[in-house]
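Numbering-wise, the sequence shown is residues 11 to 199 according to this note's numbering.
Even for Gly, the Cβ is constructed at its ideal location relative to N, Cα and C.
From a predicted model like this one, the values you see are computed outputs, not experimental measurements.
Just below is one structure, and these are the notes that go with it.
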Amino acid sequence: MNNSKTTELSAKQREELLSILKARFEKNQHRHEGYEWDKVEAKLEANPSKLWSLNEMEQTGGEPDVVDYDQKTGDFIFCDCSAKSPAGRRSVCYDREGLESRKEHRPENNAMDMATAMGIEVLSEEQYRNLQKMGKFDTKTSSWIKAPADIRKLGGGLFAEFRYGQVFVYHNGAQSYYAARGFRAVLAV
Numbered sequence: 011m012n013n014s015k016t017t018e019l020s021a022k023q024r025e026e027l028l029s030i031l032k033a034r035f036e037k038n039q040h041r042h043e044g045y046e047w048d049k050v051e052a053k054l055e056a057n058p059s060k061l062w063s064l065n066e067m068e069q070t071g072g073e074p075d076v077v078d079y080d081q082k083t084g085d086f087i088f089c090d091c092s093a094k095s096p097a098g099r100r101s102v103c104y105d106r107e108g109l110e111s112r113k114e115h116r117p118e119n120n121a122m123d124m125a126t127a128m129g130i131e132v133l134s135e136e137q138y139r140n141l142q143k144m145g146k147f148d149t150k151t152s153s154w155i156k157a158p159a160d161i162r163k164l165g166g167g168l169f170a171e172f173r174y175g176q177v178f179v180y181h182n183g184a185q186s187y188y189a190a191r192g193f194r195a196v197l198a199v
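Set out below in structure tokens:
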């Protein structure tokens with residue numbers, strides 16, 4: 011993850027990222043049938059801070075791709091489509107409160123703060139289930155998902171994974187972290 015304060019990419023970075031996103035878009039048409047790359051690219055070019063966020067997703071191993079289009083807002087919805095939970099976002103607690111509650115062996119970060127710093131949002135359970143309709147993700151990893159306030163208030167967090175042909179949603183203490191658990195994110199552009 012880029013730790014600098016700038017949220018603009020250089021011309022070279024922008025060109026490289028757009029090339030990667032276009033190739034992924036064309037290779038995975040089943041995720042966005044009926045959408046045209048030119049329209050997606052125009053939205054990206056008009057929103058440099060969103061392009062920066064997509065670069066952060068890419069740099070941490072998320073392999074973002076278009077998965078939906080919001081008719082109300084006119085936004086294309088990007089989501090992490092890497093087979094495994096993004097490698098650069100693993101071994102993190104659920105949120106800052108969970109991180110600070112650890113007395114020892116603290117990880118470097120937490121999912122919610124990382125997402126905020128990257129300008130993205132952690133997937134909800136519904137978004138996670140919809141993603142799984144487009145392929146098989148997290149068959150060997152798991153990903154934190156947004157936990158309802160009542161669960162979070164009691165110290166819990168939620169994560170999901172795909173096993174045995176099913177999406178499983180589990181609970182864990184928000185302070186927990188594992189090498190095979192990260193988080194997936196969504197970004198509206």
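request  = Output the distance between the C-alpha atoms of P158 and T83, rounded to the nearest integer angstrom.
outcome  = Position 148 of the sequence shown holds residue 158. Position 73 of the sequence shown holds residue 83. One C-alpha to the other measures close to 25 Å.
request  = Kindly give me the distance between the Cβ atoms of A93 and G71, rounded to whole angstroms, as I take these residues to be in contact under 8 Å.
outcome  = On the sequence shown, position 83 is the one that residue 93 refers to. On the sequence shown, position 61 is the one that residue 71 refers to. Contact doesn't hold; Cβ gap of about 10 Å is too wide.
inquiry  = Taking contact to mean 3 or more Cβ pairs, one atom from each stretch, closer than 8 Å, check whether the segment 106–118 and the segment 179–187 are in contact.
reply    = yes
key: Closest Cα partner of E55 within the set Q69, S95, R41, K32   = Locating residue 55 in the sequence shown gives position 45, counting from the first residue. Nearest of Q69, S95, R41, K32 to E55, Cα basis: K32.
query = When the Cα atoms are used, what is the spatial distance from G44 to S95?
reply = The residue given as residue 44 occupies position 34 in the sequence shown. The residue given as residue 95 occupies position 85 in the sequence shown. When rounded, the distance between both Cα atoms is 27 Å.
task = Determine the contact status of G167 and R99, defining contact as a CB-CB distance below 8 Å.
result = As a working note, residue 167 is residue 157 in the sequence shown. As a working note, residue 99 is residue 89 in the sequence shown. Cβ atoms of G167 and R99: not closer than 8 Å.
inquiry  = Looking only at its chain, what residues have a beta carbon closer than 8 Å to the beta carbon of L19, apart from the 5 residues adjacent to it on each side?
reply    = In the sequence shown, the residue the question calls residue 19 occupies position 9. Contacts found: L27, P58, L61, W62, N65.
query = Could you give the distance in angstroms between the alpha-carbon of D123 and the alpha-carbon of R106?
reply = The sequence position of residue 123 within the sequence shown is 113, counting from 1. The sequence position of residue 106 within the sequence shown is 96, counting from 1. When rounded, the distance between both Cα atoms is 7 Å.
key: Residues that G183 bridges to, as DSSP identifies them   = Within the sequence shown, numbered from 1, the residue matching residue 183 stands at position 173. For G183, which the question treats as bridged, DSSP gives the partners G166.
query = How far does the beta strand (DSSP E) with D48 in it reach, from first residue to last?
reply = Here residue 48 corresponds to residue number 38 of the sequence shown, with the count starting at 1. No beta strand (DSSP E) contains D48, which is instead part of the alpha helix (DSSP H) from 47–55.
ask   = How far does the beta strand (DSSP E) with I155 in it reach, from first residue to last?
value = Residue mapping note: residue 155 aligns to position 145 of the sequence shown, counting from 1. Taken as a continuous stretch (DSSP letters only), the beta strand (DSSP E) holding I155 covers 152–155.
inquiry  = One question on the structure: do V177 and Y138 come within less than 8 Å of each other, judged by their Cβ atoms?
reply    = Residue mapping note: residue 177 aligns to position 167 of the sequence shown, counting from 1. Residue mapping note: residue 138 aligns to position 128 of the sequence shown, counting from 1. Yes, the Cβ-Cβ distance between V177 and Y138 is below 8 Å.
task = Have a look at the DSSP bridge pairing and note the partners of K120.
result = As a position in the sequence shown, residue 120 is number 110, starting the count at 1. Looking at the sequence provided, one finds Asn at residue 120 rather than Lys. Answer by DSSP bridge pairing, in chain order: C103.
Euclidean distance between Cα positions of Q23 and L164 = Taking the sequence shown and counting its residues from 1, the one referred to as residue 23 is at position 13. Taking the sequence shown and counting its residues from 1, the one referred to as residue 164 is at position 154. Their backbone Cα atoms lie some 43 Å apart in a straight line.
Buried or exposed by the 16-neighbour rule on C-beta atoms within 10 Å, applied to T126 = Residue mapping note: residue 126 aligns to position 116 of the sequence shown, counting from 1. Under this definition T126 is an exposed residue.
task = Give the secondary structure of I200 by DSSP, where H, G and I count as helix, E and B as strand, and everything else as coil.
result = Coverage of the chain is limited to positions 11 through 199, which leaves residue 200 absent and any answer about it impossible.
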